[in-house]
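Residue numbers (the numbering used here), protein chains in the order written: chain A, 1 to 453; chain B, 1001 to 1090.
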């Protein structure tokens, strides 16, 4: 059927005025066959495999971007969780491997390489511990390496020994990168129930059950949804959900088309579509502003969670109809530093850390890109992680913590992270200690899933 | 294999827009199949359906469009037709 003039106009408007873009194409690469008893060889294998598989990722993505006139913002790589190939390596060697990954990412021109990761939700193996010990240094000497640690799942409970370590690791990473606004912490995510096919950083990794190499796509478009809603200021909430659903459908269809073309040209299978409303610092590209358009005076006020739940579900429904392979985290990200509306909410005092925690019960991820006061204790960080993990564990969903204790800053200061990572007002934490609970360690048992109330 | 693409031109109405754009297309051996044009809220809006050879290097074309964009204050884009089909057709 011929395409109508209005449809062409709509697509062009979405791209040119409402910042519709393909947020990321991520190539997942398995590194399991890179293990070797000689660590020098491991490094060489890893470098060679990544640079040969992803050699054409950037040029092909750029070519497709031109042909279809829709920008592909980030080109990224996700790899097998590195802890799985560390074997008997020392901490120093693990840091060297991170540098190897950084070198490969720079050579290929990709923005980030994710998968400096360990899954320790039930127990910590030798390789996992090496990786944990190496994390602060690895994150401070590299630019493009992203790390994620799984510390809890609904089936295993919460590994509080790992949670305890993560508090210290985040604090140490902040110290080591304090000359640069503690930026190292922005590349580290602590997960409960991580998904293994997530193309979004910093939590991306190429998990068990994935093939040799795969291409996944992350699509976004808060601007497009916001503008669609603006055209219907008097719609009731059922209609609002419908508008979001239809918009999500169109965004997903465009994303899947481009993703499939890139995958085909790279000669790797197409993985999943992750349709997540992920904000950027561009004007009108904000999840918080969508919530405000639904009818909140300032994000964080009463009704925020209901609006977020409505939006998140509508996004998933539209995406699920548009693509057969919707996966990843699909829904909405609510990072603070990358979302102008969220930043404003905190400055207005309408949005607090507790409200953000509550919001994570109904949306994709968790406490994301939140700047905390530099003097926060490791135990408090661990306790924040434990709270967030508990939300994910009980609700059978993914939650994550990516907080940045900015050394030398206190509540009310504003930190500039630069580029995509944006800027964030520093938030205070509850002054009362959680140290005794964290010191206990052990594992919080997995929850019963039958008597759910 | 030949492919179809949509060229869109948006900007302030003035003399010579169609001539300049179609000239570039002709230089790049792209056949124009259909043109529709309208004035929307004072903005000149033109959509053209063109036929291009598959695998064609778009760099030269985009570069030439950029010059016209600068000269006449327009926004010109080219997108393969598939993207409209994918977004608006189930």
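Glycine included, every Cβ here is placed at the ideal spot set by N, Cα and C.
Can you give me the C-alpha to C-alpha distance between residue i and residue j, rounded to a whole angstrom?
i, j, result
"residue 241 of chain A", "residue 311 of chain A", "7 Å"
"residue 154 of chain A", "residue 387 of chain A", "14 Å"
"residue 407 of chain A", "residue 425 of chain A", "14 Å"
"residue 482 of chain A", "residue 398 of chain A", "Shown here, chain A extends from 1 to 453; a query on residue 482 of chain A therefore has no answer."
"residue 246 of chain A", "residue 120 of chain A", "39 Å"
"residue 416 of chain A", "residue 183 of chain A", "10 Å"
"residue 124 of chain A", "residue 162 of chain A", "8 Å"
"residue 300 of chain A", "residue 177 of chain A", "31 Å"
"residue 148 of chain A", "residue 1002 of chain B", "45 Å"
"residue 88 of chain A", "residue 227 of chain A", "54 Å"
"residue 11 of chain A", "residue 348 of chain A", "35 Å"
"residue 350 of chain A", "residue 248 of chain A", "28 Å"
"residue 72 of chain A", "residue 179 of chain A", "32 Å"
"residue 35 of chain A", "residue 86 of chain A", "7 Å"
"residue 404 of chain A", "residue 95 of chain A", "21 Å"
"residue 16 of chain A", "residue 1074 of chain B", "12 Å"
"residue 362 of chain A", "residue 205 of chain A", "23 Å"
"residue 132 of chain A", "residue 165 of chain A", "8 Å"
"residue 150 of chain A", "residue 262 of chain A", "30 Å"
"residue 332 of chain A", "residue 1020 of chain B", "44 Å"
"residue 13 of chain A", "residue 1039 of chain B", "15 Å"
"residue 93 of chain A", "residue 39 of chain A", "8 Å"
"residue 1058 of chain B", "residue 1028 of chain B", "9 Å"
"residue 346 of chain A", "residue 302 of chain A", "14 Å"
"residue 278 of chain A", "residue 359 of chain A", "15 Å"
"residue 1015 of chain B", "residue 370 of chain A", "53 Å"
"residue 6 of chain A", "residue 1011 of chain B", "17 Å"
"residue 233 of chain A", "residue 1089 of chain B", "27 Å"
Under the assumption that residue i contacts residue j (Cβ atoms under 8 Å), give the Cβ distance between them as a whole number of angstroms.
i, j, result
"residue 152 of chain A", "residue 192 of chain A", "4 Å"
"residue 1081 of chain B", "residue 1006 of chain B", "6 Å"
"residue 314 of chain A", "residue 291 of chain A", "Contact doesn't hold; Cβ gap of about 13 Å is too wide."
"residue 330 of chain A", "residue 276 of chain A", "6 Å"
"residue 400 of chain A", "residue 190 of chain A", "6 Å"
"residue 146 of chain A", "residue 202 of chain A", "4 Å"
"residue 100 of chain A", "residue 122 of chain A", "Contact doesn't hold; Cβ gap of about 29 Å is too wide."
"residue 271 of chain A", "residue 197 of chain A", "6 Å"
"residue 3 of chain A", "residue 1085 of chain B", "7 Å"
"residue 274 of chain A", "residue 217 of chain A", "7 Å"
"residue 322 of chain A", "residue 1083 of chain B", "That belief does not hold up - the Cβ atoms of residue 322 of chain A and residue 1083 of chain B are roughly 13 Å apart, past 8 Å."
"residue 266 of chain A", "residue 57 of chain A", "7 Å"
"residue 356 of chain A", "residue 367 of chain A", "6 Å"
"residue 158 of chain A", "residue 389 of chain A", "5 Å"
"residue 1079 of chain B", "residue 69 of chain A", "4 Å"
"residue 1050 of chain B", "residue 1033 of chain B", "6 Å"
Starting from residue i, follow the beta strand (DSSP E) in both directions and report where the run begins and ends.
i, result
"residue 1037 of chain B", "1031-1040"
"residue 74 of chain A", "72-79"
"residue 159 of chain A", "157-159"
"residue 248 of chain A", "Run containing residue 248 of chain A: none in the beta strand (DSSP E); it sits in the alpha helix (DSSP H), 237-266."
"residue 1047 of chain B", "1043-1053"
"residue 229 of chain A", "Taken as a continuous stretch (DSSP letters only), residue 229 of chain A belongs to no beta strand (DSSP E), being part of the alpha helix (DSSP H) at 222-230."
"residue 217 of chain A", "213-219"
"residue 190 of chain A", "188-192"
May I ask which residues mark the beginning and end of the alpha helix (DSSP H) holding residue i?
i, result
"residue 45 of chain A", "39-53"
"residue 1085 of chain B", "1082-1088"
"residue 59 of chain A", "57-68"
"residue 985 of chain B", "The structure shown does not extend to residue 985 of chain B, since chain B is modelled only from 1001 to 1090, so the question has no answer here."
"residue 6 of chain A", "5-16"
"residue 1007 of chain B", "Element bounds for residue 1007 of chain B: not the alpha helix (DSSP H) but the beta strand (DSSP E), 1002-1012."
"residue 515 of chain A", "Because chain A in this structure spans residues 1 to 453, residue 515 of chain A falls outside the shown range and cannot be described."
"residue 86 of chain A", "83-86"
"residue 1021 of chain B", "1017-1027"
"residue 436 of chain A", "435-440"
State yes or no: is the C-beta of residue i nearer than 7 Å to some heavy atom of the ligand NAP?
i, result
"residue 164 of chain A", "As for the ligand NAP, it is missing from this structure, which has no ligand bound."
Inset, instruction - Please specify which runs of the alpha helix (DSSP H), each continuous and at least 4 residues long, are wholly inside the segment 342-398 of chain A, giving them in chain order. - result: 353-359, 378-395
Legend entry - Any 3 or more C-beta pairs closer than 8 Å across the segment 26-34 of chain A and the segment 70-78 of chain A: yes
Legend entry - Within the segment 303-346 of chain A, ranges of the alpha helix (DSSP H) (whole runs, at least 4 residues): 304-322
Inset, instruction - Would you check if there are 3 or more beta carbon pairs closer than 8 Å linking the segment 47-61 of chain A to the segment 95-107 of chain A? - result: yes
Inset, instruction - Examine the Cβ distances between the segment 442-449 of chain A and the segment 1062-1071 of chain B and report whether three or more of them are shorter than 8 Å. - result: no
Legend entry - At least 3 beta-carbon pairs within less than 8 Å: the segment 274-289 of chain A vs the segment 212-231 of chain A: yes
Inset, instruction - Report yes or no: do three or more beta-carbon pairs, one from the segment 156-174 of chain A and one from the segment 201-220 of chain A, lie closer than 8 Å? - result: no
Inset, instruction - Indicate whether the contact test is met: 3 or more Cβ pairs, each with one atom in the segment 421-438 of chain A and one in the segment 321-338 of chain A, closer than 8 Å. - result: yes
Inset, instruction - Determine, using beta-carbon pairs with one atom in the segment 137-144 of chain A and one in the segment 424-444 of chain A, whether at least three such pairs fall under 8 Å. - result: no
Legend entry - Runs of alpha helix (DSSP H) lying entirely within the segment 92-153 of chain A, each at least 4 residues, in chain order: 126-141
Legend entry - Sequence ranges, beta strand (DSSP E) only - wholly within the segment 395-424 of chain A, length at least 3: 399-406, 414-416
Inset, instruction - Entirely within the segment 266-299 of chain A and at least 4 residues each: give me those alpha helix (DSSP H) ranges in chain order. - result: 287-294
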